[in-house]
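Encoded as structure tokens, the structure appears first; notes follow it.
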Amino acid sequence: MAFPTHVLVAPLNWGLGHASRCIPIINYFLEQGAIVSIASDGAALELLKEEFPDLNSLELNSSEVVYSSSGFFFYLKLILQGHGLKERAKKDEILIESYAEKNHVDLIISDHRFGAISKTIKSVIISHQLKFKAGLFSRASSSLNAKFHNRYDEVWIPDAIVPFDLSGVLSHSKQVKVPTRRIGVLSRFSKIELPVEIDYLAVISGPEPLRTSLEKCLIAAFQVLSSKKTVIVRGVYNTESLNDLPNISFYNHLKSEELNALICRSKLVVCRSGYSSVMDLACLGKKAFFIPTPHQGEQEYLAKRLEKLGIAPFSNQEDFKVSDLERIRQYSGFKTDQRLRFPLQTFRRTLEG
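Numbering of the sequence shown is given in this note's numbering, commencing with residue 982 and proceeding in unit increments.
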């Protein structure tokens, strides 16, 4: 196909990770002279509108899922919400088709948003999770996931091969039959040489009520470390700000360049082990301590894998105590490696091939 002239980018609104990793994709197409429109809902749409205030946007149906905080019921609740998610995907598809036709879109890029697809326009999905880690539900959820992926023309996997693949087994599935392409690790951040003066930076994200419970847990922990300079980025929009504490500064959210600088100024980043966070920290070469979202198999797998590789320790949220942070000395942290990065020249050849 010819290089696209109008691209519609539509991330899922489950936390901010799907939207944040679309930022380098959007920037790339803008740099190439393409028109870009954005489509999502909730905080994901707010993030992209804040980053790209001049782009046309389309508000889609809510894709946010409310998670249960207990094991078996976590997966049961997701299954019970499954029908509603499918219906919302159908509504998204109608809105996307209408917008794309009226505005002459010639490429749709979904980031794990299954309703962002067209029967008449080339549609690709950005996804690192072709296989699910969900305990007893792994086989069934992986099979259903593959069916959704197989509706697209291509799957773009945001991962590298060298020095190693960050996503591990998650990005490998024999059930996905459409062409898959590894487009390199996607991160909106770049390494900046700044004074490292913040002891701990906590970047909180993810669905409620688990986001709030982690926030409370970390505030209590960092208050004990009264001599340590700490910053907490809460990952919320349209919410009342928290007052700073003697050793803790709070931000509801930050623009990309502000968060980029804050991470580069920090000795240790504490966050969920969501894949977008892993990609960001790998690109910046930072030390991290992970607290996976409870009972979310993907994050638990990534945290265990990175600990086994000697890169970063983790703790389950229910077991976390402030002394766990001392374990960071035993781990190497991520090492900056340009081979991980989004290879733009290869990507253009991919689009025109």
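All C-beta atoms in this analysis are idealised placements derived from N, C-alpha and C, irrespective of residue type, glycine included.
Nothing here was measured: the structure is a model prediction, and the numbers come from that model.
Buried or exposed for residue i, please, with buried defined as at least 16 other CB atoms from any protein chain shown within 10 angstroms of its CB.
i: N1035; result: Reading off the sequence, residue 1035 comes out as Asp, not Asn. By the neighbour-count rule (16 or more Cβ atoms within 10 Å), D1035 is not buried but exposed.
i: I1142; result: exposed
i: V1250; result: buried
i: E1068; result: exposed
i: D1092; result: buried
i: A983; result: exposed
i: T1211; result: buried
i: S1119; result: exposed
i: L1240; result: buried
i: E1299; result: exposed
i: D1225; result: exposed
i: G1014; result: exposed
i: P1227; result: exposed
i: A1417; result: No answer is possible for residue 1417: the residues shown for the chain start at 982 and end at 1334.
i: K1114; result: buried
i: E1032; result: buried
i: L1290; result: exposed
Pull up the distance between the alpha-carbon of residue i and that of residue j, whole angstroms please.
i: L1199; j: K1030; result: 29 Å
i: V1214; j: Q1280; result: 20 Å
i: S1099; j: D1140; result: 25 Å
i: S1124; j: S1021; result: 25 Å
i: H1085; j: F1270; result: 45 Å
i: V1303; j: L1206; result: 8 Å
i: H1234; j: H1109; result: 25 Å
i: R1329; j: L1011; result: 13 Å
i: I1176; j: L1147; result: Position check: residue 1176 holds Pro in this sequence, whereas Ile was assumed. So the alpha carbons of these two residues sit roughly 28 Å apart.
i: D1305; j: V1184; result: 17 Å
i: E1189; j: S1079; result: 32 Å
i: K1083; j: K1072; result: 17 Å
i: S1208; j: L1028; result: 33 Å
i: Y1009; j: L1287; result: 29 Å
i: L1191; j: G1216; result: 12 Å
i: L1359; j: Q1311; result: Nothing in the structure corresponds to residue 1359, since the chain is present only between 982 and 1334.
i: A1097; j: V1136; result: 13 Å
i: D1261; j: A1081; result: 31 Å
i: E1307; j: T1220; result: 32 Å
i: F1203; j: P1294; result: 18 Å
i: K1197; j: S1104; result: 41 Å
i: T1161; j: T1317; result: 26 Å
Measure the beta-carbon distance from residue i to residue j and round it to whole angstroms, keeping in mind my assumption that it falls under 8 Å.
i: S1296; j: R1169; result: Not quite, the Cβ-Cβ distance comes to about 27 Å (not below 8 Å), so this is no contact.
i: F952; j: S1237; result: This structure cannot speak to residue 952, because the chain is shown only from 982 to 1334.
i: G925; j: G1255; result: In the structure displayed, the chain extends from 982 to 1334; residue 925 sits before or after that span and is not available.
i: P1273; j: A1263; result: Their Cβ separation, rounded to whole angstroms, is 17 Å, which puts P1273 and A1263 out of contact at 8 Å.
i: K1172; j: C1245; result: 7 Å
i: N994; j: L1026; result: 7 Å
i: I1075; j: I1090; result: That belief does not hold up - the Cβ atoms of I1075 and I1090 are roughly 18 Å apart, past 8 Å.
i: D1134; j: V1157; result: Contact flag wrong, Cβ pair sits at about 13 Å.
Just to confirm the assignment, what range does the alpha helix (DSSP H) spanning residue i have?
i: D1300; result: Careful: D1300 lies outside any alpha helix (DSSP H) and carries neither H nor E.
i: A1024; result: G1023 to E1032
i: D1261; result: Y1256 to L1265
i: N1224; result: From DSSP, N1224 is part of no alpha helix (DSSP H); its letter is neither H nor E.
i: L1240; result: S1237 to C1245
i: H1130; result: S1119 to H1130
Indicate whether residue i and residue j have their beta-carbon atoms separated by less than 8 Å.
i: P992; j: L1167; result: no
i: L1243; j: L1182; result: yes
i: I1138; j: I1102; result: no
i: F1301; j: K1267; result: no
i: I1292; j: S1258; result: no
i: K1309; j: S1247; result: Per the sequence shown, residue 1309 should be read as Ile rather than Lys. In this structure, S1247 does not lie closer than 8 Å to I1309 by Cβ.
i: V988; j: C1003; result: no
i: L1111; j: S1152; result: yes
i: A1127; j: S1154; result: yes
i: N1037; j: S1018; result: yes
i: G1149; j: G996; result: no
i: T986; j: I1007; result: no
i: F1095; j: F1145; result: no
i: Y1218; j: A1024; result: yes
Got a sec, what are the start and stop residues for the beta strand (DSSP E) residue i sits in?
i: R1002; result: Neither: R1002 is in no beta strand (DSSP E) and is coded neither H nor E.
i: E1189; result: Where E1189 is concerned, there is no enclosing beta strand (DSSP E), given that its DSSP letter is neither H nor E.
i: A1269; result: A1269 to F1271
i: E1135; result: E1135 to I1138
i: E1288; result: Premise fails: E1288 lies in the alpha helix (DSSP H), G1278 to K1289, not in any beta strand (DSSP E).
i: S1091; result: L1088 to D1092
i: A991; result: H987 to P992
i: S1039; result: Before going further, note that residue 1039 is Leu rather than Ser in the sequence given. Here the beta strand (DSSP E) through L1039 covers N1037 to E1040.
i: V1214; result: T1211 to V1214
i: I1164; result: Looking at the DSSP string, I1164 is not in any beta strand (DSSP E), and its letter there is neither H nor E.
i: V1157; result: Premise fails: V1157 is in no beta strand (DSSP E) and is neither H nor E.
i: V1105; result: S1104 to I1107
With a threshold of 7 Å, establish whether the CB of residue i neighbours any heavy atom of the ligand GTP.
i: L1199; result: Among the components of this structure there are no ligands whatsoever, and the ligand GTP is therefore not found.
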